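Residue numbers (my numbering): 11 to 232. Report on the following structure.
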Amino acid sequence: MKRIPEPELMEDEDQVRAYAGADFADAHRNFITLFQATFGQKDLCGYVLDLGCGHGDITMRFARAYPKCIVHGIDGSEAMIRCGKGILKEAHDIQDRVVLIRGMLSASVLPYRKYDIVISNSLIHHLAMPHTLYQCIERYAVSGAPVFIMDLRRPQSTGEADSLVQTYAAHEPEILKRDFYNSLLAAYTIEEIREQLQGTKLAHLSVKAVGDRHIVISGYKV
Ligand SMILES: C[S@@+](CC[C@H](N)C(=O)[O-])C[C@H]1O[C@@H](n2cnc3c(N)ncnc32)[C@H](O)[C@@H]1O
11 MKRIPEPELM
21 EDEDQVRAYA
31 GADFADAHRN
41 FITLFQATFG
51 QKDLCGYVLD
61 LGCGHGDITM
71 RFARAYPKCI
81 VHGIDGSEAM
91 IRCGKGILKE
101 AHDIQDRVVL
111 IRGMLSASVL
121 PYRKYDIVIS
131 NSLIHHLAMP
141 HTLYQCIERY
151 AVSGAPVFIM
161 DLRRPQSTGE
171 ADSLVQTYAA
181 HEPEILKRDF
191 YNSLLAAYTI
201 EEIREQLQGT
211 KLAHLSVKAV
221 GDRHIVISGY
231 KV
């Protein structure tokens, strides 16, 4: 099935409200669990960069899972970052270790020159030019940094996309079902991601299918 792009930024207030109100607990817990299975559960420390952090749910979960880390999340959507900052205000246990920054991946200068760990969830399918993400990692990650990127993978057909929406979002509001469907159609395939990585300094990373709808790209930056 041909890829159908969706807009890069999630700036619509209704869309952000629905996204922040959705129950992503299982999916986001799974992100942390898979990260831990790949890189270990404890003792990671240093500065972490979460690219396309949205309202910072994974950014904050990561900070709780790794108490020796300081986590910076960046997102181009003002509405997402505003929503995340509101949540962070009440998150007294981690608010001194989490910073949410509004900025585009391609144009932003981040507060830290090099990060020890880079993570990203559900960003690539928004990007018309996924190299923006890979270049950002090349620029901002130290050599040897764990890199962990998770995203949707494009189903074979619109029928398969429909059935994934039914399985995972049947009880969510219409706006979320629509976004999930559009995101599945905008997602890249494993083969497309492997091809994108060729010729970058991340070509050695592992790219694999996880479960019925995700791709994980992981490994250490050289
Ligand atoms: C589906 S959301 C995922 C948010 C978060 N990572 C999560 O898992 O909940 C994708 C986010 O990427 C952001 N985004 C898309 N393209 C971007 C870009 N070029 N620079 C910065 N942020 C971008 C969008 O605004 C949106 O908040």
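Ideal placement from N, C-alpha and C gives every residue a C-beta, glycine not left out. Computed from a predicted model, the values in this text were never measured in an experiment.
Considering only heavy atoms of ligand 1, does any lie closer than 7 Å to the CB of methionine 70? no
In its own chain, which residues sit with a C-beta less than 6 Å from the C-beta of glutamate 18, not counting the 5 before and 5 after it? His136
Do leucine 110 and isoleucine 127 have their beta-carbon atoms positioned less than 8 Å apart in this structure? no
Of the choices Glu88, Ile134, Glu16 and Ala219, whose alpha-carbon is the least far from that of arginine 112? Glu88
Are isoleucine 42 and arginine 71 close, meaning C-beta to C-beta below 8 Å? yes
Beta-carbon spacing of histidine 65, leucine 120 below 8 Å: no
Classification of alanine 35 by the beta-carbon crowding that lies within 10 angstroms, buried from 16 upward: exposed
Histidine 136 Cβ short of 7 Å to ligand 1 heavy atom set: yes
Is any heavy atom in ligand 1 found nearer than 7 Å to the beta carbon of isoleucine 84? yes
Which term fits glycine 209, buried or exposed, when burial requires 16 or more other beta carbons within 10 angstroms of its beta carbon? exposed
Assuming lysine 218 is part of the beta strand (DSSP E), what are its boundary residues? 216-220
Cβ atoms of isoleucine 159 and isoleucine 227: under 8 Å apart, would you say? yes
State yes or no: is the C-beta of threonine 177 nearer than 7 Å to some heavy atom of ligand 1? no
Cβ of serine 116 within 7 Å of any heavy atom in ligand 1? yes
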